[in-house]
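Asks:
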Amino acid sequence: MRYIKEHIMFILPMMAILLGIEFYLVFDRMTSSYESALRDGYSMLAITQKEMKTEDFKKLNSEISQSTRIDKSEIVKQISSNQSQKDTEDIIKALPYFYTLKLSTYVDIDSIESIKKSLLKSNDIKRVETFGDSYYSKYRLFSFIKFTLKIFIFFMVLVSLFLVIKQMEVWGYKHRQRIQVMEIFGAPLMLRSGVLFKVALTDAFTATLFIVIFFAYLRFLWAGSSGVNIMIEQKDLLFQFNDVVILLTSAILIVIISVYSVVLGIKESEE
Amino acid sequence: MANVIHAENLSLSYDQGKKKIIQNAKFTVKRGEFVFITGRSGSGKSTLLKSFYGNLKPTEGSLMVGGLEMTTIPRRKLQELRTHIGIIFQDYKLINEWNVAKNVVLPLMIAGFSLDVQKTQAQRLLKHVKLSNYANRFPLELSGGEQQRVGVARALAKNPLMILADEPTGNLDDYSSSVIWDLLENACLQLETTVLVVTHKIPTVFSLPYRHFTIEDGGVYEIH
Ligand SMILES: Nc1ncnc2c1ncn2[C@@H]1O[C@H](COP(=O)(O)OP(=O)(O)OP(=O)(O)O)[C@@H](O)[C@H]1O
Ligand SMILES: [Mg+2]
Chain G
749 MRYIKEHIMF ILPMMAILLG IEFYLVFDRM TSSYESALRD GYSMLAITQK
799 EMKTEDFKKL NSEISQSTRI DKSEIVKQIS SNQSQKDTED IIKALPYFYT
849 LKLSTYVDID SIESIKKSLL KSNDIKRVET FGDSYYSKYR LFSFIKFTLK
899 IFIFFMVLVS LFLVIKQMEV WGYKHRQRIQ VMEIFGAPLM LRSGVLFKVA
949 LTDAFTATLF IVIFFAYLRF LWAGSSGVNI MIEQKDLLFQ FNDVVILLTS
999 AILIVIISVY SVVLGIKESE E
Chain R
11 MANVIHAENL SLSYDQGKKK IIQNAKFTVK RGEFVFITGR SGSGKSTLLK
61 SFYGNLKPTE GSLMVGGLEM TTIPRRKLQE LRTHIGIIFQ DYKLINEWNV
111 AKNVVLPLMI AGFSLDVQKT QAQRLLKHVK LSNYANRFPL ELSGGEQQRV
161 GVARALAKNP LMILADEPTG NLDDYSSSVI WDLLENACLQ LETTVLVVTH
211 KIPTVFSLPY RHFTIEDGGV YEIH
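Here's what the structure looks like:
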C-alpha cells in the first residue's frame, strides 16, 4: 500500500507536468492555425493613381505578401447601370485603382499603422484604409487568452515540479543510508543514484504512457464523434507523433534533474 | 617502505573548529604495518579513522594518505582512494535493504566485477567469517556480532591496500574474536595490507609484530 502511494505521489505530478506540456503544444498549434485564419481574413485597401504590382507594394513594406486589384468595371457597373458605354469608359479612366493587400504575418495595430505610413510615402498611393478596429479587438482578446493560458500552464508545471522533487526527497531519505555507505566505499555518482533512477524512470515512463494514451484517445476516438465542429476539423492538431518524443524527453530530463538534486544533496557526514 | 599515512601537525575538530578532538598530532604508518589504536571512550579514535578515509577534513596541519594530501583532495581522487580502503565500522553500517551476500560484495560491485564473480566471492568471504548459511538473510535479522562479521567480510572483499577497523571485535566472544584477528593478521601478512585497528583490548595472543598508538587529551602517542 505504501509502495503504491509512493509511486502515485510521483506519477501524478509527473502527469500534470506532461499534461501541461502537451496542452501547450496543442494550444500552440491551434492558435497558430487560428492566427493564420485571422491573418488570411484580414486585408487593407489601397487606392492608387496608377497600376501597381505586388512587387511595388512589397518594396514599400516587406510585410505585404499579396495584392489583388479590384476590377474597376465591376465597381462602375454597380453604380452606373444606366450610363452609356462612352460615359462608363470615361468614368473608369477617371477612377483610381483599388487594391486589397494581404500581410505575411499576424501583426498588432501599431505595426498596421506603420505599414500604412510607409505605403503613403509613395506619391502613387492616395489612400490606405486599414479597417484596424475590429481586427485589433480580435487580436487583443486573442493575445489575452493566449497569455493567461500560458501563465496557467507555467504555474501548473512549476507546482508539479516541486511535488516531483518533494517525492524525490522522500525517496532520497529512504535511500540515504545506502547512498552514504556506498559513497564511503568510493561508489561513483551513477552507481549511488542507480536505484533512484530506476524507480523514477519507471514512473516517468508510466506517466508518459498515460498521457499519450489519453491524447491518442482524444484524437482518434473522441474528436471524430464529439460533435464539436472545431474538434472534428482540427483533430490532427490534438496529437502528433512528435509529441511523444517531446513528452518522453521532458520526463527523462525532469527525472535526471530531480534525482541528481536529491543525491547530491545527501551529505555523507554530519559536519 | 612507503608511507601509507603521514600526519604532521594534524588537528581534527567538529562544529567548524569549535570542538577540538585531535591537536598537533604527528605520526607515520608504513606499508604493511599493523597498528592498534587505543584510548578512552570519546578520546577521538573513530574521529581519527574518519580523517583517514576523507570523511572529516583536517582543521589544521597536513595529512597524507596513500600519497594524497587529504586537506585538499579533490572528489574524484577521494572516490578512487576509497576503493582501496576497507572500512569496518563501529556501528557496522550495513545496507539494510540488501541481503548479506550483496552487502559483502559492495566493494566488488563498485569495482565493476560481474555478478558471477560477486556471487562466488560472497560465498568465499562469508565462509571466512563463519556465516556461510546467512547469505540470503537481511542485516536486521542478524545479531550484533553477526552484523559485525558481515562488516569484516565486506572490508576484506577487494583485498584493499589498507584496512581501517573500528572495534572489529567489540561485540564478539573470544572464539569469534580470534577468527577476526586471524583474518586481519593474514591480510597483513600475505597481502601486505596496512591494518589500523581501534580497540579497547589488544588481544593477548597475537603473532605479528605491531605498533600501538594511544590517544590522550587530543594527542596521539606511540607506546613502545
Ligand atoms: N559528528 C560529530 N559532531 C560533533 N561531535 C562529535 C561527532 N562525532 C563525534 N563527536 C565527538 O567527538 C569526540 C570523539 O568521538 P569519537 O567517536 O572519535 O570517540 P571514540 O574515541 O571513537 O569513542 P568510543 O570508544 O566511544 O567509540 C566525542 O566527544 C564525540 O562526542
Ligand atoms: Mg568510536
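As given, the protein sequences belong to chains G and R, one line each in that order.
So for the first sequence, our numbering puts the first residue at 749; every next one is plus one.
So for the second sequence, our numbering puts the first residue at 11; every next one is plus one.
Every residue, glycine too, gets a C-beta built ideally from N, C-alpha and C.
Assuming G/M757 is part of the alpha helix (DSSP H), what are its boundary residues?
Replies: For the purposes of this step, residue 757 of chain G is taken as residue 9 along the first sequence, with counting starting at 1. That run of the alpha helix (DSSP H) goes 750 to 789.
Asks: Start and end of the alpha helix (DSSP H) containing R/D176?
Replies: Position 166 of the second sequence, counted from the first residue, corresponds to residue 176 of chain R. Boundaries for R/D176: no alpha helix (DSSP H) harbours it, while the beta strand (DSSP E) harbouring it runs 172 to 176, taken from the DSSP string.
Asks: Closer than 6 Å from C-beta to any heavy atom of ligand 2: which residues, in chain order?
Replies: What you get when you keep residues with a C-beta closer than 6 Å to any heavy atom of ligand 2 is R/K55, R/S56, R/Q100, R/D176.
Asks: For G/G972 and G/I980, I'd like the C-alpha separation in whole angstroms.
Replies: Here the question's residue 972 of chain G lines up with position 224 in the first sequence. Here the question's residue 980 of chain G lines up with position 232 in the first sequence. Looking at the two C-alpha atoms, the distance is approximately 5 Å.
Asks: With DSSP collapsed to three states, give me the class of R/S23.
Replies: The residue given as residue 23 of chain R occupies position 13 in the second sequence. Reduced to three states, the DSSP call for R/S23 is strand.
Asks: Would you say the beta carbon of R/I212 is closer than 6 Å to some non-hydrogen atom of ligand 1?
Replies: If you number the second sequence from 1, residue 212 of chain R lands on position 202. Not so, every heavy atom of ligand 1 lies at least 6 Å from the Cβ.
Asks: Is R/G52 near ligand 1, with its Cβ less than 6 Å from a heavy atom?
Replies: Translated into positions along the second sequence, residue 52 of chain R becomes position 42. Under cutoff, so the answer is yes.
Asks: Roughly how many angstroms separate the alpha carbons of G/M916 and G/F945, rounded to a whole number?
Replies: Sequence index remark: in the first sequence, residue 916 of chain G carries index 168 (1-based). Sequence index remark: in the first sequence, residue 945 of chain G carries index 197 (1-based). Cα to Cα, G/M916 sits roughly 10 Å from G/F945.
Asks: Is there contact here, the segment 151 to 162 of chain R with the segment 200 to 215 of chain R, by at least three beta-carbon pairs under 8 Å?
Replies: no
Asks: What does R/N13 pair with, by DSSP beta-bridge criteria?
Replies: As a working note, residue 13 of chain R is residue 3 in the second sequence. Answer by DSSP bridge pairing, in chain order: R/K40.
Asks: Give a yes or no on whether 7 Å exceeds the smallest Cβ distance from R/Q128 to chain G.
Replies: To locate residue 128 of chain R, count along the second sequence from 1; it is residue 118. At a cut-off of 7 Å, the C-beta of R/Q128 has no neighbouring C-beta in chain G.
Asks: Between R/L174 and R/Y63, how many whole angstroms is the CB-CB distance? I'm expecting something under 8 Å.
Replies: Residue numbering aside, residue 174 of chain R sits at position 164 when the second sequence is read from its first letter. Residue numbering aside, residue 63 of chain R sits at position 53 when the second sequence is read from its first letter. About 6 Å separates the beta carbons of R/L174 and R/Y63, which is inside the 8 Å limit, making them a contact pair.
Asks: Taking the alpha carbon of G/K983 as the reference point, which residue from G/V947, G/L966, G/V993 has its own alpha carbon closest?
Replies: Position 235 of the first sequence holds residue 983 of chain G. Cα-wise, what sits closest to G/K983 is G/L966.
Asks: Please work out which residues of its chain come closer than 7 Å, Cβ to Cβ, to R/E43, disregarding the five sequence neighbours upstream and downstream, and give them in chain order.
Replies: Position 33 of the second sequence, counted from the first residue, corresponds to residue 43 of chain R. T204, R221, listed in sequence order.
Asks: Which whole-angstrom value describes the C-beta separation of G/Y790 and G/L867, a residue pair presumed to lie in contact below a C-beta threshold of 8 Å?
Replies: In the first sequence, the residue the question calls residue 790 of chain G occupies position 42. In the first sequence, the residue the question calls residue 867 of chain G occupies position 119. Rounded, the Cβ-Cβ distance is 15 Å, inconsistent with contact.
Asks: Could you check the C-alpha separation between R/V215 and R/I190 for me, to the nearest Å?
Replies: Against the second sequence, residue 215 of chain R aligns to sequence position 205. Against the second sequence, residue 190 of chain R aligns to sequence position 180. Whole-angstrom Cα-Cα distance: 13 Å.
Asks: Could you tell me which residues DSSP puts in a beta bridge with R/M80?
Replies: As a first step, residue 80 of chain R must be located in the second sequence, where it is residue number 70. The partner list for R/M80 (beta bridge, DSSP) is empty, contrary to what the question assumes.
Asks: Which residues in the same chain have their Cβ closer than 7 Å to the Cβ of G/I1005, if we skip the five residues on either side of it in sequence?
Replies: Walking along the first sequence from the start, residue 1005 of chain G turns up at place 257. Correct list: empty, nothing qualifies.
Asks: Which same chain residues, not among the five before or five after G/E1019, have their C-beta less than 8 Å away from its C-beta?
Replies: Within the first sequence, the letter at position 271 stands for residue 1019 of chain G. A caution first: G/E1019 carries a pLDDT of 42, below 50, which makes its placement in the model too unreliable to give a value.
Asks: Sort R/K28, R/T57, R/L171 by Cα distance to R/F99 and report the nearest one.
Replies: On the second sequence, residue 99 of chain R is found 89 positions in, with the first residue counted as 1. Here the closest residue by C-alpha is R/T57.
Asks: Can you say whether R/E79 is buried or exposed, counting buried as having 16 or more other CB atoms within 10 angstroms of its CB?
Replies: Locating residue 79 of chain R in the second sequence gives position 69, counting from the first residue. Around the C-beta of R/E79, fewer than 16 other C-beta atoms lie within 10 Å, and the residue is accordingly described as exposed.
Asks: Should R/P178 and R/V162 be called a contact, given that it needs their Cβ atoms to be closer than 7 Å?
Replies: Taking the second sequence and counting its residues from 1, one reaches residue 178 of chain R at position 168. Taking the second sequence and counting its residues from 1, one reaches residue 162 of chain R at position 152. Yes, they are a contact pair.
Asks: Of all the alpha helix (DSSP H) runs that stay within the bounds of the segment 44 to 116 of chain R, which reach a length of 4 or more residues?
Replies: 55 to 62, 85 to 92, 110 to 114
Asks: Please report the straight-line C-alpha distance between R/K29 and R/S23, rounded to a whole angstrom.
Replies: Within the second sequence, numbered from 1, the residue matching residue 29 of chain R stands at position 19. Within the second sequence, numbered from 1, the residue matching residue 23 of chain R stands at position 13. Each residue's alpha carbon lies about 5 Å from the other.
Asks: Got a sec, what are the start and stop residues for the beta strand (DSSP E) G/K806 sits in?
Replies: Residue 806 of chain G sits at position 58 when you count from the first residue of the first sequence. For G/K806, there is no enclosing beta strand (DSSP E); the residue is found in the alpha helix (DSSP H) stretching over 802 to 808.
Asks: Sort G/P844, G/H755, G/E811 by Cα distance to G/T796 and report the nearest one.
Replies: By 1-based counting over the first sequence, the position of residue 796 of chain G is 48. The shortest C-alpha separation from G/T796 is found at G/P844.
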